[in-house]
Amino acid sequence: MRESVFYYIKKNKLAYLSLYILFVLYFLAIFADFISPYPYDLQHRDSPYHPPTQIHFFDEKGNFHLRPFVYKYELVDPIFKEYKINTDIKYPIYFFTEGEKHYLLGLIPTNIHLFGVKEGKIFLLGADNLGRDIFSRLLYGARVSLSIGIVGVLLSFSIGALIGGISGYFGGKVDNILMRLSEVIMSFPGFYLMLALRAIFPITLSSVQVYFLIVVILSFIGWAGLARVIRGMVLSIREQEFVLAAKSYGASSLRIITRHILPNTFSYLLIAATLSIPGYILGESALSLLGLGIQEPYASWGNMLSAARSISAIASYPWILSPGIAIFIIILAFNLLGDALRDALDPKLRKNL
Amino acid sequence: MFLYILKRLIQMVPLVIGITFLSFIIIQMAPGDYLDKLKMNPQISQETLERLKQTYGLDQPILVQYFKWLINALKFDLGYSFSYHVPVIEIIKERVGNTLFLSITSAVLAWGLAVPLGIIAAVKPNTIIDKFIQLFSFTFMSIPNFFLAFLMLFVAVKTGIFPTGGATSPDYEQLSLLGKIADRLWHVSLPAFVLAVGSLAGLVRLVRSTMLESLQAEYVLFARAKGLKEKDIILRHALKNALNPFITLLGFEIASLLSGAALVEIIVNWPGMGMLMLDAVLSQDLYLVMGGLYIGAIMLIIGNLIADILLAKIDPRVRQREVEGVLK
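Those sequence lines, one after another, are chains A and B.
Numbering-wise, the first sequence is residues 5 to 357 according to our numbering.
Numbering-wise, the second sequence is residues 10 to 337 according to our numbering.
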């Protein structure tokens, strides 16, 4: 089965590309502190809303430089944060340059960054209101946004698959109660339920607490739909002979469900998981965007976008919207991949698409 | 048919009990109770506090409290807002109109465009038009609607075509009736567009795939063999048989009328339910939060009920299975 999945994904160019993009993004997130030129919380108070610095190979006279460089940006209007490019001063970009100290993979202390300038500043995607580098924050924020999808899906799918399995396998009263429960959860509008559950807890929590709180809230909302589908599948799987065989040698019910029945739903779970990850990423972004999620100074794509809630900021400094583009790319990649997986694993759905 | 509706209504009872119970538990779990905040307010007298305590039964055991709350909630008496100092239902009533206006406009836009576009894509599969429609739907399915809202706000600020917030202009009261209508439509255009594009993208995909399936069916072949006009085949035979999933979706649409637009509302400053819920959460105004949650859930159940009834009315197969099954 595994070969055929890769075969289909390879054949589907877009899905293959998405897989690459996801791989690169996760790589960037893991090595964020090495790749980003600045730490996520380093403030350059003298350059708020610094525009993105263009990387040049040719200077203003048209001379080619082998080493790329950026020009100096001078703050000419401190009130409206207007900058002027000073073409007289160039800052060459060095690779493997020394910068702020960080711990690579959380273990190895080092102060080497992938790239940077020795003097002056480099803001690939501009800076925010406190002069923090948006590119660096984007990389650090990717850690939150990219991991929350996976952690959330793992949690809610474990719950959903287990409850669906129990419900379908035992049937009767257990089934009835569990399914009514899932209906209740599904009857609430997701966004409101998310807000209401968030309201139970204090607004100010540490970022780690909020991270897990978001995972728990999203999983609490997310398991119900999955459990219903899995239950439907289990209803037919439990009638098959290998289940009878497992019963006859005395396997416990839990063992039959987790070892014999649920593995048969694996291909569906994989498709559904890939297509559900965007929901978790969006949920986190939405909460953080509204100030109920990951708190400053920690970066997440959602709380970076909350700067854009001021209309005047969007108008004058549109580069603060770049986390939105990152969210778009990651969601597109997961959707394309999920679609390709569905085509590969589920021939019944393949016919028309 | 009447019996069928009755059966569905009876089935709803445990659901409503479950929803209200969960809502109630969420209130109970939150720190502090309803009166704690009122006690801080010197304007509220001791007698009022006592009266409120009795109305909501706060001195009684939790289950009794729950049933009191349930009976009140069924009468849409959802308690008293801490921050607005008026009954929750009053505040919700004020905001519901704006939200419904926005979501109905966007739903009409989305459905009005999705059905023809999906049919075009299905009738001519794998042509350039089809590829383009698919590309469009895939792209916009993946753009988070809050991000699209930000982008549109950026366009609005730069060009001035759209207003950048609110439901009406400051001089709304002075406008003539036509002016008022135009002003409202002008203000709703941006959020409605954002919401419509998002749901349009998903809908087009669904219309296309169900239409494709329906067009391959044998009755379509038969209709072709009879020499019917292509237009009649598509609209009267293929489309009619492809309708079922849309009826179910229409139910979801009704269900999400109140809550679907919440995040976009907040971003474009639309004075609707979304903003209200966010404010309520930020100020820990629990009864307001629960009120919104409860009404949203009731809408969802009603939406599903309407969809089921419509489905039974339109599709004789469903009618036979469900309605006559009840009578036997």
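The C-beta atom is built at its ideal place from N, Cα and C for all residues, glycine as well.
Quiz item: isoleucine 89 (chain A): beta carbon under 6 Å from a heavy atom of the ligand MG?
Solution: This structure lacks the ligand MG; in fact it carries no ligand of any kind.
Quiz prompt | Contact set between arginine 141 (chain A) and chain B, taken where Cβ atoms lie within less than 9 Å | solution = Neighbours of arginine 141 (chain A) on chain B: none; closest Cβ ~17 Å, over 9 Å.
Quiz item: Residues bridged to lysine 65 (chain A) by DSSP?
Solution: Note: lysine 65 (chain A) sits in no beta bridge, so no partner.
Quiz item: In chain order, what residues of the same chain have a beta carbon less than 7 Å from the beta carbon of phenylalanine 30 (chain B), not counting five sequence neighbours either side?
Solution: Tyr75
Quiz item: Residues in its own chain within less than 7 Å of leucine 118 (chain B) by CB, not counting five upstream and five downstream?
Solution: Ala201, Ala205
Quiz item: Got a sec? Which residues, its chain only, sit under 6 Å from valine 97 (chain B) by beta carbon, not counting five neighbours each side?
Solution: Leu87, Gly88, Ser90, Tyr296, Leu297, Gly300
Self-check item: Alpha carbon of histidine 94 (chain B) to alpha carbon of isoleucine 101 (chain B), nearest angstrom
Solution: 13 Å
Quiz item: Hey, does phenylalanine 195 (chain A) have any beta-carbon neighbour from chain B nearer than 7 Å?
Solution: yes
Practice problem: Please go through the same chain and pick out, in chain order, the residues whose beta-carbon is closer than 7 Å to the beta-carbon of threonine 219 (chain B), but skip the five residues on each side of it. | Solution: Ala251, Pro254
Exercise. Indicate whether at least one CB of chain B lies closer than 7 Å to the CB of glycine 229 (chain A).
Key: no
Self-check item: Environment of glutamate 262 (chain B) [buried if 16+ CB atoms lie within 10 Å]
Solution: buried
Exercise. List the residues of chain B whose Cβ lies closer than 8 Å to the Cβ of leucine 201 (chain A), in chain order.
Key: Ile35
Practice problem: With 9 Å as the C-beta to C-beta threshold (strictly closer), list the residues of the stretch 277 to 297 of chain A near chain E in chain order. | Solution: No chain E appears in this structure, whose protein chains are A and B.
Quiz item: CB glutamate 187 (chain A) to CB leucine 24 (chain B), shorter than 7 Å?
Solution: yes
Self-check item: Contact belief for alanine 348 (chain A) with aspartate 132 (chain A) at Cβ below 8 Å, rounded distance in angstroms
Solution: Rounded, the Cβ-Cβ distance is 42 Å, inconsistent with contact.
Self-check item: Proximal residues to threonine 173 (chain B) (C-beta, below 7 Å), its chain only, five neighbours per side dropped
Solution: Leu162, Ala165, Val166
Quiz item: Based on the DSSP secondary-structure assignment, which residues constitute the bridge partners of tyrosine 89 (chain B)?
Solution: B:Pro96
Quiz item: Hey, does phenylalanine 192 (chain A) have any beta-carbon neighbour from chain B nearer than 7 Å?
Solution: yes
Quiz prompt | Enclosing alpha helix (DSSP H) for lysine 189 (chain B) [first to last residue] | solution = 186 to 224
Self-check item: C-alpha distance - leucine 325 (chain A) paired with isoleucine 318 (chain A), whole-angstrom precision
Solution: 7 Å
Quiz prompt | Identity of the residue in B:Leu272, B:Leu72, B:Ala130 nearest lysine 140 (chain B) by Cα | solution = B:Ala130
Quiz item: Using 7 Å as the limit for Cβ to Cβ distance, is alanine 270 (chain B) near chain A?
Solution: no
Practice problem: With a threshold of 16 other CB atoms inside 10 Å of the CB of arginine 214 (chain B), please say whether the residue is buried or exposed. | Solution: buried
Practice problem: On the DSSP bridge assignment, give the partners of alanine 131 (chain A) in chain order. | Solution: A:Asp137
Quiz item: Applying a beta-carbon distance threshold of less than 9 Å, which residues of chain A neighbour methionine 286 (chain B)?
Solution: Phe195, Tyr196, Leu199, Ala200
Quiz item: Among residues of its own chain, excluding the 5 on either side of serine 257 (chain A), which ones have a beta-carbon nearer than 7 Å to its beta-carbon?
Solution: Tyr173
Practice problem: Rounded to whole angstroms, what's the CA-CA distance from valine 157 (chain A) to leucine 199 (chain A)? Just pull it up for me. | Solution: 19 Å
Quiz item: asparagine 356 (chain A) CB to nearest chain B CB: under 7 Å?
Solution: Only weak support exists for where asparagine 356 (chain A) lies, its pLDDT of 41 falling under 50; the value from the coordinates is given anyway. Asparagine 356 (chain A) counts as touching chain B.
Quiz item: What residues match up with lysine 76 (chain A) in a beta bridge as DSSP calls it?
Solution: A:Asn90
Quiz item: Between asparagine 356 (chain A) and glycine 124 (chain A), what straight-line distance do the alpha-carbon atoms span, to the nearest angstrom?
Solution: Here the model assigns asparagine 356 (chain A) a pLDDT of 41, short of 50, so the residue's position is not dependable and the matter cannot be decided.
Quiz item: Looking at the C-beta of arginine 298 (chain B), does it have a partner C-beta in chain A at a distance below 7 Å?
Solution: The question names arginine, but residue 298 (chain B) is valine in the sequence shown. Yes - at least one Cβ of chain A is within 7 Å of the one on valine 298 (chain B).
Quiz item: To the nearest angstrom, how far is it from the Cα of tyrosine 98 (chain A) to the Cα of phenylalanine 119 (chain A)?
Solution: 6 Å
Quiz item: So which residues on chain A does alanine 162 (chain B) lean against when the C-beta distance must stay under 7 Å?
Solution: In the sequence as displayed, the identity of residue 162 (chain B) is leucine instead of alanine. Ile315, Ile318, listed in chain order.
Quiz item: Under 8 Å Cβ-Cβ, which residues of chain B neighbour isoleucine 207 (chain A)?
Solution: Leu291, Gln293
Quiz item: Shorter than 7 Å from the beta carbon of lysine 337 (chain B) to some beta carbon of chain A?
Solution: With a pLDDT of 45 at lysine 337 (chain B), under the threshold of 50, the predicted position of this residue should be treated as unreliable, and no value is reported.
Quiz item: glycine 120 (chain A) by DSSP, collapsed to three states: which one?
Solution: strand
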